[in-house]
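Residue numbers (the UniProt record's numbering): 1 to 311.
Idealized CB from N, CA, C, for every residue including glycine.
Treat the numbers as computed from the prediction; the structure is a model and nothing was measured.
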Amino acid sequence: MENTINGIHHITAIAGNAKKNYDFYTRVLGLRLVKKTVNFDDPGTYHLYYGDGNGTPGSILTFFPWEGIATGRRGARQVTEIGYSVPEGSLDFWLKRFENNNVIYNKPAEKFGEQYLTFLDPDGLKFELIVPKTADNRTPWETAEVTAANATKGFHSITITSNKIEATAKILTGVLGYRLLEQHVNRYRFITDAVENAAIVDLVEVPGEVAGHVAGGSVHHVAFRVPNEKVLMEYREKIAGLGLHITDKIDRNYFYSLYFREPGGVLFEIATDNPGFAVDEPAELLGTGLKLPVQYENLRSELEKTLPSLV
Numbered sequence: 001m002e003n004t005i006n007g008i009h010h011i012t013a014i015a016g017n018a019k020k021n022y023d024f025y026t027r028v029l030g031l032r033l034v035k036k037t038v039n040f041d042d043p044g045t046y047h048l049y050y051g052d053g054n055g056t057p058g059s060i061l062t063f064f065p066w067e068g069i070a071t072g073r074r075g076a077r078q079v080t081e082i083g084y085s086v087p088e089g090s091l092d093f094w095l096k097r098f099e100n101n102n103v104i105y106n107k108p109a110e111k112f113g114e115q116y117l118t119f120l121d122p123d124g125l126k127f128e129l130i131v132p133k134t135a136d137n138r139t140p141w142e143t144a145e146v147t148a149a150n151a152t153k154g155f156h157s158i159t160i161t162s163n164k165i166e167a168t169a170k171i172l173t174g175v176l177g178y179r180l181l182e183q184h185v186n187r188y189r190f191i192t193d194a195v196e197n198a199a200i201v202d203l204v205e206v207p208g209e210v211a212g213h214v215a216g217g218s219v220h221h222v223a224f225r226v227p228n229e230k231v232l233m234e235y236r237e238k239i240a241g242l243g244l245h246i247t248d249k250i251d252r253n254y255f256y257s258l259y260f261r262e263p264g265g266v267l268f269e270i271a272t273d274n275p276g277f278a279v280d281e282p283a284e285l286l287g288t289g290l291k292l293p294v295q296y297e298n299l300r301s302e303l304e305k306t307l308p309s310l311v
């Protein structure tokens with residue numbers, strides 16, 4: 001099954017203050033800053049990548065931090081929740097940690113037989129820490145305060161809210177190779193069998209829900225994973241054949257991408273595993289230097305002065 005989607009590659013969201021974003025994700029959540037670069041379309045803004053120790057696809061959460069951006073609104077036609085996998089027995093640790101760091105959270109609950117804890121980041125982006133039914137054996141990034149016993153393992157799932165799920169479900173099943181696993185009330189769980197983790201997309205159908213507004217604290221897009229450019233371009237042909245607009249292949253330095261908007265309104269990306277995040281700095285130094293696309297290298301001295309300090 002080479003020509004298949006291997007679950008979630010990365011998720012990109014919008015933040016406000018860059019330092020606040022960096023502090024929350026590296027200190028409170030205990031993620032590694034994997035890459036510090038700039039927005040390809042707005043080089044005066046960071047593009048920050050967080051993940052596990054190696055920047056493994058399925059663990060990568062990225063942000064465009066635009067200072068002063070208005071707060072978005074969750075609603076239909078959006079990715080409304082990001083689910084991280086955490087170890088069994090870790091939710092008490094996270095409850096105390098969120099309490100001590102003034103993080104907004106809800107009490108643990110359960111869905112599809114899995115315990116989860118909902119919380120918001122400083123910009124209002126909504127997350128769930130989920131204890132999966134099957135043990136997640138991925139190796140997490142550890143810090144002095146967030147050790148392996150409690151650390152996030154990478155993505156568990158995403159949730160898309162829609163007024164009507166049929167068109168999105170057809171893309172998941174007919175194009176991306178997902179299947180309907182189970183349903184509870186208006187939540188439909190789709191899964192790919194190609195990978196063990198970062199494999200779930202939940203569709204929640206709310207006919208009367210107002211469309212959300214993508215801004216601060218919102219998911220900008222979700223990227224699905226393929227192994228290489230050959231498979232990437234096979235997907236381009238497949239999606240274009242459905243009459244959907246899809247971009248040409250774009251070199252994002254650390255992966256190659258295609259973008260299209262699925263019929264339900266969410267921006268989807270398909271991204272390759274190659275070449276990876278160690279292409280421009282060794283694995284042990286990931287995230288330590290400002291890495292610029294070649295077209296912006298001439299702006300380095302200016303950007304090093306104007307981009308906000310993260311420390």
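Take residue i and list the residues in its own chain whose beta-carbon comes closer than 6 Å to its own, dropping the five residues that flank it on each side.
| i | result |
| --- | --- |
| F93 | N150 |
| A15 | N21, F63, P65 and D123 |
| G75 | E209, V210, A211 and G212 |
| V28 | N101 |
| F98 | Y105 and F119 |
| T12 | T62, H220 and H221 |
| I250 | S257 |
| A148 | P140 and E142 |
| A18 | Y46, P65 and P308 |
If I measure Cβ to Cβ from residue i and keep anything under 8 Å in the same chain, skipping five residues before and after, which residues do I get?
| i | result |
| --- | --- |
| K238 | V175 |
| E297 | none |
| R261 | L244, H245, L267 and F268 |
| K111 | H184 and R187 |
Starting from residue i, follow the beta strand (DSSP E) in both directions and report where the run begins and ends.
| i | result |
| --- | --- |
| G154 | G154 to S162 |
| T45 | D42 to G51 |
| L120 | E114 to L120 |
| I5 | Run containing I5: none; DSSP gives neither H nor E here. |
| E182 | R179 to H184 |
| P65 | I60 to P65 |
| V38 | R32 to N39 |
| E110 | A109 to K111 |
| L129 | K126 to I130 |
How would you write the range of the alpha helix (DSSP H) that residue i sits in, first residue to last?
| i | result |
| --- | --- |
| T306 | R300 to T306 |
| V231 | E229 to A240 |
| D92 | L91 to N100 |
| N21 | A18 to D23 |
| E81 | Run containing E81: none in the alpha helix (DSSP H); it sits in the beta strand (DSSP E), Q78 to S85. |
| T173 | E166 to G174 |
Which residues in the same chain as residue i place their Cβ atom closer than 7 Å to its Cβ, once the five residues preceding and following it in sequence are excluded?
| i | result |
| --- | --- |
| M1 | Caution applies to M1, whose pLDDT of 38 falls short of 50 and renders its modelled position unreliable; the model cannot decide the point. |
| residue 341 | With the chain covering only 1 through 311, there is no way to say anything about residue 341. |
| L299 | P43 |
Is it buried or exposed for residue i, if we count other Cβ within 10 angstroms and need 16 for buried?
| i | result |
| --- | --- |
| S162 | buried |
| Q78 | buried |
| residue 337 | Residue 337 lies beyond the stretch modelled for the chain, which goes from 1 to 311, so this question has no answer here. |
| L292 | buried |
| G72 | buried |
| I60 | buried |
| H10 | buried |
| G68 | exposed |
| H184 | exposed |
| T80 | buried |
| G287 | buried |
| D42 | exposed |
| D248 | exposed |
| P275 | exposed |
| T272 | buried |
| G58 | buried |
| E128 | buried |
| V294 | exposed |
| P207 | exposed |
| S157 | buried |
| N137 | exposed |
> So does the region 168–188 actually touch the region 200–209, counting three or more Cβ pairs closer than 8 Å?
Replying inline: yes
> Using 8 Å as the threshold, is the region 17–32 in touch with the region 226–236, meaning 3 or more CB pairs across them?
Replying inline: no
> On the three-pair Cβ rule with 8 Å, is the region 27–41 touching the region 277–286?
Replying inline: yes
>> Report the start-end ranges of each alpha helix (DSSP H) in the region 186–266 that is 4 residues or longer and not cut off at the edges.
In response: 229–240
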